[in-house]
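Residue numbering for the sequence shown follows the numbering used here, starting at -10 and increasing by one per position. Report on one structure; see the data block that follows.
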Amino acid sequence: MKGLKNVAVARKMLPSQMLKVTKENTATSKKKAGKKDSGAPKRPPSAYFVFLEDFRKTYKENFPDNKSVAAVTKAGGEKWRSLSESEKAPYTEKASKKKAEYETAKIEFANKMQGNVEKATQAASEKSTSEVHNDGEEEETSS
């Protein structure tokens, strides 16, 4: 029995070894997210968040002493669930308008970013094409 006990103890990992294993596992399992551009447009709020903006104002007017964000959000969630589809319609409409604005802003931003890249590549390509055109012009003039 002593031999088996010693083998089991020999297989145990030290805490420092366990840390190395967990660091290796987390490093390989997580993918690095790309850096977000600070100039990129923000995603639009959903209909619920549009409703919550209005609800916060009315809630603070009714309960000025309440400083808890959780209480306001919880009350807002209950109110949102109790609303009918027709009562939610104005908020959904506002959210869809904001989403359309976001889509256009997103496209403009992508074009702007693409334009910066294109300008750099265009300048490099203009330089190389002008050299090609100059060589062709020299041959025509020498004939």
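Backbone N, C-alpha and C define an ideal beta-carbon position, used for all residues, glycine too.
Asked	Found
Unbroken alpha helix (DSSP H) run spanning R32, endpoints	Unbroken run through R32: none, as it is neither H nor E.
Segment limits, alpha helix (DSSP H) that includes G66	58 to 71
Contacts around F44, its chain only, beta-carbon distance under 7 Å, and the 5 residues preceding and following it disregarded	G65, K68
Identity of the residue in S85, A99, A59, T93 nearest S35 by Cα	S85
Close beta carbons around L41, own chain, < 6 Å, minus the five adjacent residues each side	G65
Validate contact between the stretch 51 to 61 and the stretch 89 to 104 using beta carbons, cut 8 Å, 3 pairs	no
Close-in-space but distant-in-sequence residues of the same chain around K95 (CB under 6 Å, 5 per side omitted)	P30
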